[in-house]
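Per my numbering, residue 27 is the first one in the sequence shown, and the count goes up by one each step. Glycine included, each C-beta is placed from N, C-alpha and C at the ideal position. Since the structure is predicted, the reported quantities are computational estimates derived from the model, not experimental observations. Taking it in order: structure first as structure tokens, then the write-up.
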Amino acid sequence: MSLLEVINLTKTFDANTAVDDVSFTVEAGEIFGLLGPNGAGKSTLIGMVSTLLKPTRGDIVIDGHSVVKEPMAVKRLIGVVPQEIALYPTLTARENLDFWGKMYGLSPSEIKERATDVLEIVGLTDRAAERIDTYSGGMKRRINIAAGLLHSPKVLFMDEPTVGIDPQSRNHILETVKHLNEAGLTVIYTSHYMEEVEFLCDRIAIVDKGKVIASGTQNELRLLVGNKDVIRIKAFDIPEDVAADLATIKDVDGVTIKEGELDILSPRGREVLASVIKALNDRQIKIASVEVQEPDLESVFLHLTGRSLRD
Ligand SMILES: Nc1ncnc2c1ncn2[C@@H]1O[C@H](COP(=O)(O)OP(=O)(O)OP(=O)(O)O)[C@@H](O)[C@H]1O
Ligand SMILES: [Mg+2]
27 MSLLEVINLT KTFDANTAVD DVSFTVEAGE IFGLLGPNGA GKSTLIGMVS TLLKPTRGDI
87 VIDGHSVVKE PMAVKRLIGV VPQEIALYPT LTARENLDFW GKMYGLSPSE IKERATDVLE
147 IVGLTDRAAE RIDTYSGGMK RRINIAAGLL HSPKVLFMDE PTVGIDPQSR NHILETVKHL
207 NEAGLTVIYT SHYMEEVEFL CDRIAIVDKG KVIASGTQNE LRLLVGNKDV IRIKAFDIPE
267 DVAADLATIK DVDGVTIKEG ELDILSPRGR EVLASVIKAL NDRQIKIASV EVQEPDLESV
327 FLHLTGRSLR D
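Dropping the structure here:
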């Protein structure tokens, strides 16, 4: 039996279906990725798994316990690192962990011992006596993770834990997740950053508009794109309507523009490259770099939806 089974899970808010008949399983010891753009339903899904939101339909079974029928049993098994920071700014890091320890029903001696352990894990032992409102965004996120680990959960859910922080904190968090997993923790990691999911995850479900649109290992997902190349062009001041121009070129199957970067999907990348560059030159767009590469998870998303993962 899988450690976690999501079974036909659905959540509707009035007319809006945020999670739409989602099913997947996670095995013990995995880092499982939920990759999807803003509004895909990732936080709603995590909310239901963590018993904060009631499913409209379906269930989640963790280690044999139903979230719907046995929420208390599930709560003991899982740790949740929410997307929003859940810390008291005027308390120190250790005082915040004391608070969470009491919430989890740990004894004072357990709290002391576990707080010391989790502070060490997130690398903030020497800052433990400082108030949270003196912390950087990245440090707050690391204490948020420490709080989720305090009661030694079997499964950790992390909801976009690196959004809006500096690269150093981000790398620290990614390394921490790897180490925790190597020590036996099962992790469900949501993100809209392809690179993080590629770095961390064994298997991945790609979610969009409440649905799992593809799932599998990274190789299985890449194969969905078929024999296509991705032309990735970095350029300055790319007007949005260039995408429509490029899409008319023969053998161009999809185009996205994000943050100074164009992704063009084509079965014959090298052949269409000349036409693409000519089209950009005609529009006086200055090209900084051009690469033709194998599909990555970003191109899988483009292939399946015609859109980019990043907003
Ligand atoms: N409490 C709520 N009431 C009404 N609609 C909601 C509620 N929570 C979420 N939604 C809607 O459900 C959809 C999914 O939202 P959700 O926050 O789960 O997405 P997400 O994948 O976590 O996005 P992000 O990457 O921006 O965090 C959105 O359309 C959102 O507006
Ligand atoms: Mg979210």
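ask   = With Ala112 and Val148 assumed to form a contact (beta carbons below 8 Å), what rounded beta-carbon distance in angstroms separates them?
value = Not a contact, Cβ separation roughly 15 Å.
key: Distance between Val298 and Lys276 (C-alpha atoms, nearest Å)   = Looking at the two C-alpha atoms, the distance is approximately 8 Å.
key: Same chain only: Cβ atoms within 7 Å of Gly163, ignoring 5 sequence neighbours per side   = Gly190, Ile191.
message = ligand 1 and Thr82: does the residue's C-beta get closer than 8 Å to at least one heavy atom of that ligand?
response = No - ligand 1 has no heavy atom lying nearer than 8 Å to the Cβ of Thr82.
message = Three or more C-beta pairs under 8 Å: does that hold for the stretch 316-334 against the stretch 280-298?
response = Contact between the stretch 316-334 and the stretch 280-298 is present: three or more C-beta pairs spanning the two stretches fall below 8 Å.
key: Residues near Pro179 by beta carbon distance below 7 Å, same chain, minus five either side   = For Pro179, same chain residues with a beta-carbon under 7 Å away, outside a window of 5 residues either side, are Leu103, Ile104, Gly105 in chain order.
message = If distances are taken between C-alpha atoms only, which option among Asp124, Ile158, Met27 comes closest to Asp340?
response = Residue coverage of the chain in this structure runs from 27 to 337, which leaves residue 340 outside it and unanswerable.
request  = Answer with yes or no whether the minimum CB distance from Asp192 to chain B is below 9 Å.
outcome  = Considering every chain present, this structure includes no chain B. It has just one protein chain.
ask   = So, Arg168 versus His205, is the Cβ gap smaller than 9 Å?
value = Not a contact, by the Cβ cut-off of 9 Å.
query = Of all residues in the structure, which have a C-beta closer than 5 Å to any heavy atom of ligand 1, taken in chain order?
reply = Selection output, chain order preserved: Phe39, Ala44, Asn64, Gly65, Ala66, Gly67, Lys68, Ser69, Thr70.
query = On the three-state DSSP scale, how would you describe Asn253?
reply = Asn253 sits in coil when the DSSP states are folded into three classes, being neither helix nor strand.
request  = Kindly indicate which residue of Ile290, Val268, Glu246, Glu285 has the alpha-carbon position closest to the one of Arg258.
outcome  = Closest by alpha carbon: Ile290.
query = Rounded to whole angstroms, how far is the Cβ of Asp228 from the Cβ of Phe58, which I believe are closer than 8 Å?
reply = Right, their Cβ atoms sit about 7 Å apart.
ask   = Quick one: is Glu221 buried, meaning 16 or more other Cβ sit within 10 Å of its Cβ, or exposed?
value = Exposed, because fewer than 16 other Cβ atoms sit within 10 Å of the Cβ of Glu221.
query = Which stretch, first to last residue, makes up the alpha helix (DSSP H) that contains Gln194?
reply = 193-208 is the extent of the alpha helix (DSSP H) around Gln194.
key: 8 Å Cβ shell around Asp159 - same chain, five flanking residues per side excluded   = Only residues of its own chain outside the window of five on either side were considered, and among them Pro115, Thr116 have a CB closer than 8 Å to the CB of Asp159, listed in chain order.
message = On the criterion of 16 or more Cβ atoms from any shown chain inside 10 Å, does Lys68 qualify as buried, or is it exposed?
response = Buried is the call here.
ask   = Relative to the C-alpha of Met129, which residue among Lys101, Val213, Gly55, Ile86 is closest?
value = For Met129, the nearest C-alpha among the options comes from Lys101.
request  = Compute the Euclidean distance between the alpha carbons of Trp126 and Ala154, then round it to the nearest angstrom.
outcome  = Answer to the nearest angstrom: the Cα atoms are 15 Å apart.
request  = Report yes or no: do the stretch 35-47 and the stretch 207-216 share at least 3 C-beta pairs separated by less than 8 Å?
outcome  = No, they do not touch.
key: Residue from Thr82, Val181, Ala231 whose Cα sits closest to the Cα of Asp89   = Nearest in C-alpha terms to Asp89, of all of Thr82, Val181, Ala231, is Val181.
key: Residues of its chain near Lys260, where Cβ-Cβ distance is below 7 Å and the 5 sequence neighbours each way are ignored   = Same-chain partners within the cutoff: Gly286, Glu287, Ala314, Ser315.
inquiry  = Using 8 Å for Cβ pairs, my map puts Thr77 next to Val87. What's the rounded Cβ distance?
reply    = The beta-carbon separation of Thr77 and Val87, rounded to 13 Å, does not stay under the 8 Å limit for a contact.
Environment of Glu53 [buried if 16+ CB atoms lie within 10 Å] = Taking every protein chain shown into account, the CB of Glu53 has fewer than 16 other CB atoms within 10 angstroms, so this residue is exposed.
message = Pop quiz: Pro187 and Val107 are said to be a contact at Cβ under 8 Å. What is the actual Cβ separation, rounded to whole angstroms?
response = The Cβ separation is near 5 Å, so the contact holds.
query = Mind checking Pro81: buried by the 16 CB within 10 Å criterion, or exposed?
reply = By the neighbour-count rule (16 or more Cβ atoms within 10 Å), Pro81 is buried.
ask   = Looking at C-alpha atoms only, which residue of Met98, Ser241, Ala300 is the closest neighbour of Gly131?
value = If we check each option's Cα against that of Gly131, Met98 comes out closest.
ask   = Does DSSP classify Asn64 as helix, strand or coil?
value = In the structure shown, Asn64 sits in coil (DSSP, three-state: anything other than H, G, I, E or B).
ask   = Thinking just about the alpha-carbon of each residue, which of Leu61, Lys37, Glu31 is nearest to the one in Phe225?
value = Minimum Cα distance to Phe225 is reached at Leu61.
message = Only counting the same chain, and skipping five residues up and downstream in sequence, which positions put a Cβ closer than 8 Å to that of Glu320?
response = Closer than 8 Å at the Cβ level, and outside the excluded window around Glu320, lie Arg248, Asp255, Val256.
ask   = When DSSP labels each residue in this structure, what does Ala54 get in the three-state scheme?
value = DSSP places Ala54 in the coil class of the three-state scheme, outside both helix and strand.
ask   = DSSP on Val93, reduced to helix/strand/coil?
value = When secondary structure is reduced to three states using DSSP, Val93 falls in the coil class, being assigned neither helix nor strand.
DSSP beta-bridge partners of Lys37 = For Lys37, which the question treats as bridged, DSSP gives the partners Val45.
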